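Trainee: Residue numbers (the numbering used here): 19 to 378.
1. Please determine whether the Cβ atom of residue 318 lies at a distance below 7 angstroms from any heavy atom of the ligand ZN.
2. Would you call residue 80 buried or exposed, if buried means 16 or more other Cβ atoms sit within 10 Å of its Cβ?
3. Taking a contact to mean a Cβ-Cβ separation below 8 angstroms, would you say residue 96 touches residue 121 in this structure?
4. Touching or not, the stretch 358-378 and the stretch 182-193, by the rule of three or more beta carbon pairs under 8 angstroms?
5. Using only alpha-carbon positions, find the residue among 374, 308, 276 that is nearest to residue 160.
6. Please state the DSSP three-state secondary structure of residue 75.
7. Measuring alpha carbon to alpha carbon, tell me which of 193, 293, 370 ends up nearest residue 44.
8. Check each candidate in 247, 297, 270, 41 and name the one with the smallest Cα separation from residue 356.
9. Relative to the C-alpha of residue 358, which residue among 322, 314, 332, 344 is closest?
10. Who are the Cβ neighbours of residue 332 in its own chain at under 6 angstroms, not counting the five residues just before and after it?
11. With residue 153 as the anchor, note down where its beta strand (DSSP E) starts and where it stops.
12. Only counting runs of 4 or more residues, tell me where the alpha helix (DSSP H) segments fall wholly within the stretch 306-377, in order along the chain.
13. Starting from the N-terminal side, write out each stretch of the alpha helix (DSSP H) that is 4 residues or longer and does not extend beyond the stretch 252-276.
14. Three or more C-beta pairs under 8 angstroms: does that hold for the stretch 273-280 against the stretch 246-254?
15. From residue 373 to residue 114, what distance separates their C-alpha atoms?
16. Only counting runs of 3 or more residues, tell me where the beta strand (DSSP E) segments fall wholly within the stretch 189-220, in order along the chain.
17. Could you pull out every residue in the same chain whose Cβ sits closer than 7 angstroms to the Cβ of residue 86, ignoring the five residues on either side in sequence?
18. Mapping the DSSP letters down to three states, classify residue 80 as helix, strand or coil.
19. Hey, would you say residue 327 sits closer than 8 angstroms to residue 304, going by beta carbons?
20. Tell me which same chain residues have a C-beta within less than 7 angstroms of the C-beta of residue 350, skipping the five on either side of it?
21. Which whole-angstrom value is the C-beta distance of residue 52 and residue 27, which I expect to be below 8 angstroms?
22. So residue 270 packs on residue 287, CB below 8 angstroms; how close in whole Å?
23. Check each candidate in 70, 50, 215, 154 and name the one with the smallest Cα separation from residue 375.
24. When we look at the beta-carbon of residue 347 and count the other beta-carbons within 10 Å, is it buried (16 or more) or exposed?
25. Starting from residue 234, follow its DSSP beta bridges and name the residues at the other end.
26. Under 8 angstroms, Cβ to Cβ, is there at least one residue of chain D near residue 161?
27. Return the chain-ordered list of same chain residues with a C-beta closer than 8 angstroms to the C-beta of residue 176, the five sequence neighbours on each side being excluded.
28. Using DSSP with H/G/I as helix, E/B as strand and the rest coil, what is residue 111?
29. Under 8 angstroms Cβ to Cβ from residue 179, same chain only, skipping five residues before and after it: list those, please.
30. What's the C-alpha gap between residue 173 and residue 127?
31. For the putative contact between residue 25 and residue 65, defined by C-beta atoms under 8 angstroms, what is the C-beta separation to the nearest angstrom?
32. In this structure, how does DSSP classify residue 22 when only helix, strand and coil are distinguished?
33. Give every residue of the same chain whose Cβ lies closer than 8 angstroms to the Cβ of residue 330, excluding the five residues on either side of it in the sequence, and list them in chain order.
34. Would you report the Cα separation of residue 91 and residue 77, rounded to the nearest angstrom?
35. Excluding five sequence neighbours on each side, which residues of the same chain lie with their C-beta closer than 6 angstroms to the C-beta of residue 337?
36. Tell me whether residue 290 is buried or exposed, calling it buried when 16 or more other Cβ atoms sit within 10 Å of its Cβ.
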C-alpha cells in the first residue's frame, strides 16, 4: 500500500517524534511510505528511517496568506500530494493538506496531538476545518476525553483514540551528562519553554521544596520564547542557584538514566512523549493530572498525579519521593511497564488497520 504521511516539520516535538515512529514502522512492514514536510526552513531534529521516502516543500507552516494568496499555496500542496500517488494520506496536525486530499479524492486520516477542547482559530478557518474533518475517514485523538468531546460536539468527525507509543529504553550504561553536577540528585523536566508547559508553576513548586533538599537540583531542558521570563522568575523566587536551564538535547537517554525524578507541570497536554520516554527509562513521575498524564501515570503505582495548578500539592508529592529512595525505586520499576501498555506494535497495528479500511 502507498501511504503518504504529512507533518509541518521534523523539528523537536512529541508529534514529530511519533511521526518518525509511524512512518518508519509502516515502511518496515512493507508499505511504500512517503513523508511530506511543509516547512523546509526548520531543520530536522529527528532521524528518519532510510526506508521512508522524504519529500520537502517550502510552505511555511505558520504563514497566514490572504484568500487569493492561499490559492497558489493550495495548488503547490496539491501537486506535491498528487506526485506521491498515495492510496491514503495520514496528516499530523496539518489541516491544509486535507483540502488537497479532498480535491484529489484521496481518503485521509487526520491526527491531532493537542487537547482539542482548547484549539482556537478564526470563524472562517473553523468552518473550513469542520468541513474537511467531516470528510476525513477518521480523526485520531490521544485521549478518551477528547474522543467524548468530539463525539458530543462534532460527531461527523468520527473520532477514534490511538495512544502514542512508548519504546523500551536503552539499558546500556551511558556517561553522566556534563551539565549534571557531581554528587547531586536531579528532578528533570523537558519541553518547549512556553506557557502551556507550565514551567512557571514548576518553579513555584520548587521554591517550596528546594531549601529542604540542598543536594537536589531542578533541570529544565528546552528552548522557547519564555526562556528569559522563566530565568527571571527563578531569580525572583531566589531558586536560581538550584535550577539549571539546558538547551534541547539530541539524545535524552543519558539524562533519563542519571536523573532521579521526572516532573510535569503542563497546563494542558495531548499524550506527552517525553513523559513516556522518562517512564520507559525507569523514572518515577509527579505530574498535574491534565489531559494525557492522567492516562499514562498510574497514581500511587508508578508516580503521583495532583490537581492542576495546585503547586503546593505538586511540591508535597515531589518532596515525598525526593526523601524516599525505596519508593522511587519501586515506582521506577513499575514505570517501565509503560512500554507494554503503549507498545509500538499496538500503535502501528491501529494505524495500519485504519489505512487498509480507508483505502477500500
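All C-beta atoms, glycine included, are put in the ideal place defined by N, C-alpha and C. Just so you know, these numbers come straight off a predicted model, no measurement behind them.
Mentor: Taking the coordinates as given:
1. The ligand ZN is not among the ligands present in this structure, which contains no ligands whatsoever.
2. Translated into the one-based positions of the chain shown, residue 80 becomes position 62. Legend: pLDDT at residue 80 = 44, less than 50; position of this residue unreliable, value from coordinates given subsequently. The C-beta of residue 80 has fewer than 16 other C-beta atoms within 10 Å across all chains shown, which makes the residue exposed.
3. Translated into positions along the chain shown, residue 96 becomes position 78. Translated into positions along the chain shown, residue 121 becomes position 103. Cβ distance < 8 angstroms, so residue 96 and residue 121 count as in contact.
4. yes
5. As a working mapping, residue 160 is identified with position 142 in the chain shown. It is 308 whose Cα lies nearest to the Cα of residue 160.
6. Stepping through the chain shown from its first residue, residue 75 is reached at position 57. Collapsing the DSSP output to three states places residue 75 in coil.
7. Translated into the one-based positions of the chain shown, residue 44 becomes position 26. Checked all of 193, 293, 370; the closest Cα to residue 44 is 370.
8. By one-based count along the chain shown, residue 356 stands at place 338. The shortest C-alpha separation from residue 356 is found at 297.
9. The sequence position of residue 358 within the chain shown is 340, counting from 1. Checked all of 322, 314, 332, 344; the closest Cα to residue 358 is 314.
10. Counted from its first residue, the chain shown places residue 332 at position 314. Once the five neighbours on either side are set aside, the close Cβ partners of residue 332 are 223, 324.
11. Against the chain shown, residue 153 aligns to sequence position 135. Neither: residue 153 is in no beta strand (DSSP E) and is coded neither H nor E.
12. 311-314, 329-340, 343-353, 356-359, 362-377
13. 271-276
14. no
15. Residue numbering aside, residue 373 sits at position 355 when the chain shown is read from its first letter. Residue numbering aside, residue 114 sits at position 96 when the chain shown is read from its first letter. In a straight line, the C-alpha of residue 373 is about 20 angstroms away from that of residue 114.
16. Counting only runs of 3 or more, we get 203-208.
17. Looking up residue 86 in the chain shown gives position 68. Since pLDDT at residue 86 reaches only 49, below the 50 mark, its modelled position is unreliable, and the value read off the structure follows with that caveat. The beta carbon of residue 86 sits closer than 7 angstroms to no other beta carbon from its chain once the five residues preceding and following it are set aside.
18. As a working mapping, residue 80 is identified with position 62 in the chain shown. Reliability of the predicted coordinates at residue 80 is poor, the pLDDT of 44 falling under 50, and no value is obtained from them.
19. Translated into positions along the chain shown, residue 327 becomes position 309. Translated into positions along the chain shown, residue 304 becomes position 286. No; because the gap between Cβ atoms is not below 8 angstroms, this pair is not in contact.
20. Reading the chain shown from its first residue, position 332 is the one you call residue 350. Answer for residue 350: 300, 301, 302, listed in chain order.
21. Start at 1 with the first residue of the chain shown, and residue 52 comes out as number 34. Start at 1 with the first residue of the chain shown, and residue 27 comes out as number 9. For a cut-off of 8 angstroms, the C-beta gap from residue 52 to residue 27 is around 16 angstroms, too long to register as a contact.
22. Mapped onto the chain shown, residue 270 falls at position 252. Mapped onto the chain shown, residue 287 falls at position 269. Between residue 287 and residue 270 the Cβ distance is about 17 angstroms, and since that is not below 8 angstroms, they are no contact.
23. Within the chain shown, numbered from 1, the residue matching residue 375 stands at position 357. With respect to the C-alpha of residue 375, the residue from 70, 50, 215, 154 having the closest C-alpha is 154.
24. In the chain shown, residue 347 corresponds to position 329, counting from 1. Its Cβ having fewer than 16 others within 10 Å, residue 347 is exposed.
25. Taking the first residue of the chain shown as 1, we reach residue 234 at position 216. Within the DSSP bridge table, the entry for residue 234 names 203 as partners.
26. No chain D is part of this structure, which consists of one protein chain only.
27. Looking up residue 176 in the chain shown gives position 158. Taken in chain order, the residues that qualify are 154, 155, 156, 157.
28. In the chain shown, counting from the first residue as 1, residue 111 sits at position 93. The answer is coil: DSSP assigns residue 111 none of H, G, I, E or B.
29. For the purposes of this step, residue 179 is identified with residue 161 of the chain shown, where counting begins at 1. Cβ within range, chain order: 158, 159, 160, 161, 162, 164, 165.
30. Locating residue 173 in the chain shown gives position 155, where the first residue counts as 1. Locating residue 127 in the chain shown gives position 109, where the first residue counts as 1. C-alpha separation (whole angstroms): 15 angstroms.
31. Within the chain shown, the letter at position 7 stands for residue 25. Within the chain shown, the letter at position 47 stands for residue 65. Not confirmed; about 15 angstroms, so no contact.
32. Within the chain shown, numbered from 1, the residue matching residue 22 stands at position 4. It is a strand residue.
33. For the purposes of this step, residue 330 is identified with residue 312 of the chain shown, where counting begins at 1. 223, 226.
34. Taking the first residue of the chain shown as position 1, residue 91 is located at position 73. Taking the first residue of the chain shown as position 1, residue 77 is located at position 59. Rounded to whole angstroms, residue 91 to residue 77 spans 7 angstroms at the Cα level.
35. The residue labelled residue 337 in the question sits at position 319 within the chain shown. Non-local C-beta neighbours of residue 337 in its own chain, meaning closer than 6 angstroms and more than five positions away in sequence, comprise 227, ordered along the chain.
36. Start at 1 with the first residue of the chain shown, and residue 290 comes out as number 272. It counts as buried.
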